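A quick write-up on the structure given underneath.
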Amino acid sequence: MTSSLLTMVAAGVLGVVALVLGIRAILALRRARMAGLLLVVVIVSLGLNLLLLLSSAAQLVFWQEYLEFAACMKRAITNSARQVCTGELERALTDRAWSSLVG
């Protein structure tokens, strides 16, 4: 599972790099007074990058819960067992999120 964690961290780092490069691209396009479709494509790709970056960050924050879910799914051989694993993940994520918010 360590390689999975490294992959998640690498995805987050690459997401930040892509965000910085995207912002630099927007600034370069504005300086060159190039507007239009290229600027729209860069802005849309930045928005998608932000979503993926938030997803990676959430998986890193809830890493322990995802490890337990992966172990549960590995043991689950029936659809009902998989549904139990999914329910346990949802409960664990909800409990962890509320405990983080409330204190």
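Numbering (this note's numbering), first residue to last: 1124 to 1226.
Heads up, the beta-carbon is just placed ideally off N, CA and C, and yes, glycines get one too.
What you are looking at is a predicted structure, and each value in this text was computed from that prediction instead of being measured.
Three-state secondary structure assigned by DSSP to residue i
i: G1210; result: helix
i: F1185; result: coil
i: G1138; result: helix
i: A1193; result: helix
i: M1131; result: helix
i: G1159; result: coil
i: I1146; result: helix
i: I1200; result: coil
Distance between residue j and residue i (C-alpha atoms, nearest Å)
i: L1144; j: L1176; result: 14 Å
i: A1151; j: V1163; result: 14 Å
i: A1133; j: L1183; result: 11 Å
i: V1139; j: D1218; result: 29 Å
i: L1142; j: L1173; result: 7 Å
i: S1222; j: L1137; result: 30 Å
i: E1213; j: S1203; result: 15 Å
i: V1225; j: A1181; result: 18 Å
i: A1155; j: S1168; result: 20 Å
i: L1190; j: T1201; result: 19 Å
Residues of its chain near residue i, where Cβ-Cβ distance is below 8 Å and the 5 sequence neighbours each way are ignored
i: W1186; result: L1128 and M1131
i: A1199; result: R1205, V1207 and C1208
i: A1148; result: V1165
i: L1160; result: none
i: M1196; result: R1205 and C1208
Neighbourhood of residue i by C-beta distance below 6 Å, restricted to the same chain and skipping five residues each side
i: A1215; result: E1188
i: G1135; result: S1179
i: R1153; result: none
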